[in-house]
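Working notes, beginning with the structure itself.
Number of protein chains: 2
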Amino acid sequence: MTQTHNQPCAIAQALNIFGDNWTWLIIREAFYGVSRFSEFQRNIGIAKNLLSNRLSTLVEQGIFEKKNVGENGTRYSYHLTPKGAALRTPLFAILLWGNEYISGDGNEAVLLTERNTGRQLTTMSLVSESGEPIEPNDVRAIAGPGANQEILDKFENARNLKKQK
Amino acid sequence: MTQTHNQPCAIAQALNIFGDNWTWLIIREAFYGVSRFSEFQRNIGIAKNLLSNRLSTLVEQGIFEKKNVGENGTRYSYHLTPKGAALRTPLFAILLWGNEYISGDGNEAVLLTERNTGRQLTTMSLVSESGEPIEPNDVRAIAGPGANQEILDKFENARNLKKQK
DNA sequence: CGGTATCCCATTTGATACTG
DNA sequence: CAGTATCAAATGGGATACCG
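Protein sequences, first through last, are from chains V and G.
The C-terminal position of the first sequence is numbered 167 in the numbering used here, with every residue numbered one higher than the one before it.
The C-terminal position of the second sequence is numbered 167 in the numbering used here, with every residue numbered one higher than the one before it.
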């Protein structure tokens with residue numbers, strides 16, 4: 003698509019930013035410590051003009067911060083803002099899913115581990131206010147304060163579908 | 003891009019499937035209980051040929067299961083497989099990020115709640131083997147058994163970058 | 001209903017060249 | 001180094017028509 007939708011659902015909104023694969027890969031590289039234009043380019047294998055576009059958008063969106071680090075103004079670094087760093091959660095979620103369902107056990111190219119124990123981490127979960135992990139079945143999606151009629155209808159419809167069962 | 007990369011990293015692999023926004027939206031709809039071709043089409047506003055393509059790919063990938071539910075073979079339903087249902091984690095992660103950093107507090111179109119208490123869920127976390135949520139700073143990404151030289155280099159490089167600080 | 005086939009247009013892409 | 005400019009080629013997009 004590439005074309006923007008205007009659904010109020012945050013998923014659709016977020017996808018307007020991250021619909022492009024390059025963008026995810028750029029952010030992944032940032033988590034690995036990459037901050038320079040040429041490094042992104044080399045590691046990802048992206049064309050310069052595309053990288054330039056994507057980085058500009060990400061800076062506009064407040065996900066990266068561009069700093070001048072050159073002695074004479076010819077070098078820049080791109081670092082994740084808090085907003086950008088918060089993308090670690092979706093990114094890790096995708097990684098764990100891919101490890102389990104694409105790579106498969108024993109073939110993972112990248113693993114997540116607990117720093118202290120070195121143990122592998124394979125599970126990600128919603129956490130309650132009291133700090134307890136919540137089972138997927140105990141989670142409900144509901145319409146929020148920013149919902150429009152379309153979303154209200156959708157949840158109404160979802161309720162009806164469940165009743166029919 | 004659309005073009006497939008062949009990096010072994012599970013993120014890149016997963017993006018080969020989900021690089022397309024339509025795909026995420028289709029899966030989102032599936033979580034809302036949608037299972038029919040025409041419903042997907044109407045709710046997402048996607049062209050028929052595109053929907054057909056995307057669904058075919060998703061069935062091939064083992065994310066949806068296509069069942070014949072028609073009396074005379076003219077009706078089908080698409081349901082998430084366990085592999086597909088596991089995408090709830092990345093999807094929720096994206097939703098929470100979008101709620102916090104795009105919609106903002108009080109403007110969320112869709113919220114996640116705990117079924118029993120009705121309390122809003124805003125946090126997602128990696129969970130240790132012993133069932134404890136892990137802080138982001140306590141997580142390390144390391145090269146796994148399926149890593150190639152490129153990935154090993156990347157982590158080597160990341161270590162060097164940290165030492166410099 | 002659940003698609004497939006076809007067409008045409010807008011966009012995206014990557015390569016190359018160029019610049020401060 | 002960190003881009004911008006340009007451009008031909010490929011791709012993705014939606015609309016329409018058609019089918020079992």
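Glycine included, each C-beta is placed from N, C-alpha and C at the ideal position.
In this text the structure is predicted, and so the values were computed from the model without any measurement.
Which whole-angstrom value is the C-beta distance of residue 128 (chain V) and residue 113 (chain G), which I expect to be below 8 Å? Walking along the first sequence from the start, residue 128 (chain V) turns up at place 126. Walking along the second sequence from the start, residue 113 (chain G) turns up at place 111. Contact doesn't hold; Cβ gap of about 12 Å is too wide.
Do residue 60 (chain V) and residue 25 (chain V) have their C-beta atoms within less than 8 Å of each other? Against the first sequence, residue 60 (chain V) aligns to sequence position 58. Against the first sequence, residue 25 (chain V) aligns to sequence position 23. Yes, the pair counts as a contact, with Cβ atoms nearer than the cut-off.
If we ignore side chains and look at the alpha-carbon of each, how far apart do residue 153 (chain G) and residue 55 (chain G) end up? By one-based count along the second sequence, residue 153 (chain G) stands at place 151. By one-based count along the second sequence, residue 55 (chain G) stands at place 53. Distance between the alpha carbons of residue 153 (chain G) and residue 55 (chain G) is about 32 Å.
State the Cα-Cα distance for the pair residue 163 (chain G) and residue 148 (chain V), rounded to the nearest angstrom. Working through the second sequence from its first residue, we reach residue 163 (chain G) at position 161. Working through the first sequence from its first residue, we reach residue 148 (chain V) at position 146. Those two C-alpha atoms are separated by around 42 Å.
Within the 8 Å Cβ cut-off, does residue 143 (chain V) reach chain G? Within the first sequence, residue 143 (chain V) is the residue found at index 141, counting from 1. Judged by the 8 Å Cβ criterion, residue 143 (chain V) is in contact with chain G.
Taking only the alpha-carbon atoms, compute the straight-line gap between residue 102 (chain V) and residue 141 (chain V) and give it to the nearest angstrom. Position 100 of the first sequence, counted from the first residue, corresponds to residue 102 (chain V). Position 139 of the first sequence, counted from the first residue, corresponds to residue 141 (chain V). One C-alpha to the other measures close to 22 Å.
From residue 130 (chain G) to residue 8 (chain V), what distance separates their C-alpha atoms? Taking the first residue of the second sequence as position 1, residue 130 (chain G) is located at position 128. Taking the first residue of the first sequence as position 1, residue 8 (chain V) is located at position 6. Straight-line Cα distance between these residues: approximately 38 Å.
Apart from the five residues just before and just after residue 37 (chain G), which ones in its own chain have a Cβ nearer than 8 Å to its Cβ? Stepping through the second sequence from its first residue, residue 37 (chain G) is reached at position 35. Hits under 8 Å: 79, 80, 81.
Reducing DSSP to helix, strand and coil, say where residue 121 (chain G) ends up. Indexing the second sequence from 1 puts residue 121 (chain G) at position 119. Looking at residue 121 (chain G) - three-state DSSP - the assignment turns out to be coil, as it is neither helix nor strand.
Could you give the DSSP three-state label for residue 34 (chain V): helix, strand or coil? The residue given as residue 34 (chain V) occupies position 32 in the first sequence. Looking at residue 34 (chain V) - three-state DSSP - the assignment turns out to be coil, as it is neither helix nor strand.
What is the DSSP secondary structure of residue 163 (chain G), reduced to helix, strand or coil? Position 161 of the second sequence, counted from the start, is the residue given in the question as residue 163 (chain G). Here residue 163 (chain G) sits in helix by DSSP.
Taking 8 Å as the CB-CB limit, is residue 80 (chain V) close to chain G? Along the first sequence, read from residue 1 onward, the residue named residue 80 (chain V) stands at position 78. Answer no: the Cβ-Cβ gap between residue 80 (chain V) and chain G never drops below 8 Å.
If contact means a Cβ-Cβ distance below 7 Å, which residues of the stretch 14-25 of chain G contact chain V? 14, 15, 16, 17, 21, 23, 24
8 Å contact criterion, which residue 16 (chain G) and residue 21 (chain V) should meet: CB distance rounded: Residue mapping note: residue 16 (chain G) aligns to position 14 of the second sequence, counting from 1. Residue mapping note: residue 21 (chain V) aligns to position 19 of the first sequence, counting from 1. In fact, because the Cβ distance is near 14 Å, the residues do not count as touching under 8 Å.
On the DSSP bridge list, what partners appear for residue 115 (chain V)? Residue 115 (chain V) sits at position 113 when you count from the first residue of the first sequence. Paired residues: V:122, G:142.
Work out the CA separation of residue 150 (chain V) and residue 29 (chain V) for me, nearest whole Å. As a first step, residue 29 (chain V) must be located in the first sequence, where it is residue number 27. As a first step, residue 150 (chain V) must be located in the first sequence, where it is residue number 148. Using only the alpha carbons, I get a separation of about 31 Å.
Cβ-based neighbour list, residue 71 (chain V), same chain, cut-off 7 Å, excluding 5 preceding and 5 following: On the first sequence, residue 71 (chain V) is found 69 positions in, with the first residue counted as 1. Here the set comprises 77, 78, 79.
8 Å Cβ cutoff met for residue 57 (chain G) and residue 66 (chain G): Locating residue 57 (chain G) in the second sequence gives position 55, counting from the first residue. Locating residue 66 (chain G) in the second sequence gives position 64, counting from the first residue. Yes, the pair counts as a contact, with Cβ atoms nearer than the cut-off.
Mind checking residue 5 (chain V): buried by the 16 CB within 10 Å criterion, or exposed? On the first sequence, position 3 is the one that residue 5 (chain V) refers to. In this predicted model, residue 5 (chain V) has a pLDDT of only 49, less than 50, meaning its place in the structure is not dependable; the value taken from the coordinates is given anyway. Counting Cβ neighbours within 10 Å, residue 5 (chain V) comes out exposed, since fewer than 16 surround it.
Can you give the Cα-Cα distance for residue 144 (chain G) and residue 14 (chain G), rounded to whole angstroms? If you number the second sequence from 1, residue 144 (chain G) lands on position 142. If you number the second sequence from 1, residue 14 (chain G) lands on position 12. Rounded to whole angstroms, residue 144 (chain G) to residue 14 (chain G) spans 16 Å at the Cα level.
Under 7 Å by beta carbon: chain V residues contacting residue 96 (chain G): By 1-based counting over the second sequence, the position of residue 96 (chain G) is 94. Here the neighbours are 13, 16, 92.
For residue 152 (chain G), which three-state DSSP category applies? The residue labelled residue 152 (chain G) in the question sits at position 150 within the second sequence. Helix.
Residue 45 (chain V): first and last residue of the uninterrupted alpha helix (DSSP H) it sits in: Within the first sequence, the letter at position 43 stands for residue 45 (chain V). It spans 39-46 - the alpha helix (DSSP H) in which residue 45 (chain V) sits, taken as one unbroken run.
Which residues, taken in chain order from the stretch 103-127 of chain G, show a beta carbon closer than 7 Å to some beta carbon of chain V? 103, 104, 105, 108, 109, 110, 111, 112, 113, 114, 115, 116, 117, 118, 121, 123, 125, 126, 127
Listing by chain order, which chain G residues have their CB less than 9 Å from the CB of residue 130 (chain V)? Along the first sequence, one-based indexing puts residue 130 (chain V) at 128. In chain order: 116, 119, 121, 123, 125.
Output needed in chain order: residues of the stretch 27-42 of chain G with a Cβ under 9 Å from some Cβ in chain V. 27, 30, 31, 33, 34, 35, 36, 37, 41
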